[in-house]
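Student: Below is one structure. I have some questions about it.
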Amino acid sequence: MQPLFGEKLPAPEPGKHRFVIGQEGVVIEAINEVLEVRLPVARSIVKLPYGALGEQGVRLRHGPIPITLLAAIEQKATSTCPDEWAGWVIWDVPHQRYELMEPEILSLGPGHVSYRNELPEGSAIVLDVHTHGRMPAFFSGVDDVSDQQGFYIAGVIGLCHDRKNYATRMNVNGHFFDCKDFRLFFD
Numbered sequence: 033m034q035p036l037f038g039e040k041l042p043a044p045e046p047g048k049h050r051f052v053i054g055q056e057g058v059v060i061e062a063i064n065e066v067l068e069v070r071l072p073v074a075r076s077i078v079k080l081p082y083g084a085l086g087e088q089g090v091r092l093r094h095g096p097i098p099i100t101l102l103a104a105i106e107q108k109a110t111s112t113c114p115d116e117w118a119g120w121v122i123w124d125v126p127h128q129r130y131e132l133m134e135p136e137i138l139s140l141g142p143g144h145v146s147y148r149n150e151l152p153e154g155s156a157i158v159l160d161v162h163t164h165g166r167m168p169a170f171f172s173g174v175d176d177v178s179d180q181q182g183f184y185i186a187g188v189i190g191l192c193h194d195r196k197n198y199a200t201r202m203n204v205n206g207h208f209f210d211c212k213d214f215r216l217f218f219d
């Protein structure tokens with residue numbers, strides 16, 4: 033519970049999440065080496081007898097991702113169409129920088145991409161993005177299963193042959209939340 037008076041709650045344990053109830057309702061809070069999350073889970077129709085929940089959203093702990101990485105993602109989306117493509121924006125801990133990484137592909141085609149979920153040592157995933165080739169952007173049942181573990185922003189790019197469209201969500205240890213367009217995390 034968010035205290036009504038006095039000190040605010042300590043930060044959540046890294047890599048884990050918690051639910052906090054406050055005046056406005058319930059939020060999920062989580063923190064890891066690259067992200068801080070405080071997102072609404074349920075709004076209350078009455079003012080509850082707890083403290084205010086404060087600012088909500090998703091924050092990159094190391095600042096915005098370089099726009100050049102978004103350009104590379106967009107180029108991959110276009111050049112691999114009609115096949116799907118997958119990539120990760122990672123935080124390279126030893127070098128303290130964002131990088132675009134392509135995972136080892138196991139299988140791909142116009143309706144699927146399957147890849148090995150192994151990050152290099154010393155890296156943390158920030159954004160897991162894949163394309164849908166000529167299909168619109170959405171999160172499939174396969175995505176729901178593969179996104180059960182981890183804490184990162186997920187993105188899908190669709191209609192890669194024409195006017196691209198986008199889907200974004202925040203994954204927090206198997207819980208999915210609406211999130212601002214992943215392109216807004218780049219600068």
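At position 119 of the sequence shown (counting the first as 1) the number is 151 in my numbering, and the numbers step up by one without a gap.
The beta carbon of each residue, even a glycine, is placed where N, CA and C say it ideally should be.
1. To the nearest angstrom, how far is it from the Cα of Phe217 to the Cα of Asp160?
2. Are three or more beta carbon pairs between the segment 92-111 and the segment 167-184 nearer than 8 Å?
3. DSSP three-state label for Ile185, please.
4. Can you give the Cα-Cα distance for Val204 and Val52, rounded to whole angstroms?
5. Between Gly47 and Phe214, how many whole angstroms is the CB-CB distance? I'm expecting something under 8 Å.
6. With Asp176 as the anchor, note down where its alpha helix (DSSP H) starts and where it stops.
7. Among the candidates Gly57, Leu138, Ala43, Leu85, whose CA atom is the shortest distance from the CA of Ile77?
8. Does the distance from the C-beta atom of Tyr198 to that of Gly206 stay below 8 Å?
9. Over the uninterrupted alpha helix (DSSP H) stretch that includes Leu101, give me the two end residues.
10. Evaluate Asn64 with the Cβ neighbour count: other Cβ atoms within 10 Å of its Cβ, from every protein chain shown; 16 or more gives buried, anything less gives exposed.
11. Below 7 Å CB to CB, which residues in the same chain sit around Leu138 once its five sequence neighbours on both sides are set aside?
12. Restricting to Cα atoms, I'd like to know which of Glu61, Gly54, Glu87, Ala62 is closest to Leu80.
13. What residues match up with Arg91 in a beta bridge as DSSP calls it?
14. So, with DSSP's three-state summary, where would you put Phe51?
15. I need the DSSP call for Arg215, collapsed to helix, strand or coil.
16. Does the beta-carbon of Lys108 have 16 or more other beta-carbons within 10 angstroms, so that it is buried, or is it exposed?
17. Ends of the beta strand (DSSP E) at Phe208?
18. Nearest CA to the CA of Arg50: which residue from Pro35, Lys212, Ile60?
19. Taking Cβ to Cβ, would you say Ile122 is nearer than 8 Å to Val158?
Tutor: Based on what the coordinates show:
1. 13 Å
2. no
3. strand
4. 15 Å
5. Wrong, their Cβ atoms sit about 21 Å apart, outside the cutoff.
6. 173-178
7. Gly57
8. Tyr198 places its beta carbon 8 Å or farther from that of Gly206.
9. 99-112
10. buried
11. Once the five neighbours on either side are set aside, the close Cβ partners of Leu138 are Ser146, Tyr147, Arg148.
12. Gly54
13. Glu68
14. strand
15. helix
16. buried
17. Run containing Phe208: 207-210, per the beta strand (DSSP E) assignment.
18. Ile60
19. Yes, the Cβ-Cβ distance between Ile122 and Val158 is below 8 Å.
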